[in-house]
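S.K.: What follows is a single structure, and I will ask about it in a moment.
In the numbering used here, the protein residues as written are 125 to 349.
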């Protein structure tokens, strides 16, 4: 079973490392977080944390669909200080034979009521049995603009400098991606969000998600293609 788990992960390493843990709400919306305000925006577009008005901590745990041994754990923390926001995030994916870890530190600032800008610094660690451990650093930049109370636009660039792991034997890259998105608050209960993402040498990803608040703690569905 462990051999199968390692094989399952290694077949699509770039895709797996590119997937941030976006928490239950943004994941249910098809990973549409570029123009959505949420504590888990730390992993999607960190400028989206500027809507928070009090310190917030959130945990997330996901079991892999095809194996009980493969899991993703995530933790995000945001501390608002007037128009300044600091955040920290941790994510771990994999199992004992193969695991990816990422620690991020964020500074975001709100300029007036419409514009927010954020900078995110990440420390990456990749551990593979028989290959050892490799580390790397990356920087992300995010912008969020609230056109009015209903329309929000966002842009997020992940690892624009194309930083790599220090171990030359590790062929997995720290992903670089360019993302733009928009969200529309159709009513007090319905939020519609869409995003377009592009990574070098990869096809364009387009996604659409809907957040429907049946209750204050429940959200609905999303789709990516």
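Even for Gly, the Cβ is constructed at its ideal location relative to N, Cα and C. Since the structure is predicted, the reported quantities are computational estimates derived from the model, not experimental observations.
Helix, strand or coil: how does DSSP classify residue 148 here?
M.R.: Taking the chain shown and counting its residues from 1, the one referred to as residue 148 is at position 24. If DSSP states are grouped into helix, strand and coil, residue 148 belongs with the helices.
S.K.: Tell me which residues share the same chain as residue 316 and place their Cβ nearer than 7 Å to its Cβ, disregarding the 5 neighbours each side in the sequence.
M.R.: Here residue 316 refers to the residue found at position 192 when the chain shown is read from its first residue. Contacts found: 307, 308, 310 and 334.
S.K.: Under the three-state reduction of DSSP, which class applies to residue 172: helix, strand or coil?
M.R.: By 1-based counting over the chain shown, the position of residue 172 is 48. Residue 172: helix per DSSP, three-state reduction.
S.K.: Under 8 Å: do the region 156-171 and the region 271-291 share three or more Cβ pairs, one atom per stretch?
M.R.: yes
S.K.: Hey, quick one: how far does the beta strand (DSSP E) through residue 242 stretch, first residue to last?
M.R.: Taking the first residue of the chain shown as 1, we reach residue 242 at position 118. Here the beta strand (DSSP E) through residue 242 covers 239-252.
S.K.: When the Cα atoms are used, what is the spatial distance from residue 146 to residue 254?
M.R.: For this step, residue 146 is matched to residue 22 along the chain shown. For this step, residue 254 is matched to residue 130 along the chain shown. Taking the straight line from one Cα to the other gives about 30 Å.
S.K.: Less than 9 Å separating the beta-carbons of residue 227 and residue 242?
M.R.: Taking the chain shown and counting its residues from 1, the one referred to as residue 227 is at position 103. Taking the chain shown and counting its residues from 1, the one referred to as residue 242 is at position 118. No. Outside cutoff.
S.K.: Could you have a look at residue 167 and say whether DSSP puts it in helix, strand or coil?
M.R.: As a working note, residue 167 is residue 43 in the chain shown. In the structure shown, residue 167 falls within a helical segment according to DSSP collapsed to helix, strand and coil.
S.K.: Quick check: what's the CA-CA separation for residue 218 versus residue 186?
M.R.: Working through the chain shown from its first residue, we reach residue 218 at position 94. Working through the chain shown from its first residue, we reach residue 186 at position 62. Residue 218 and residue 186: Cα-Cα distance of roughly 11 Å.
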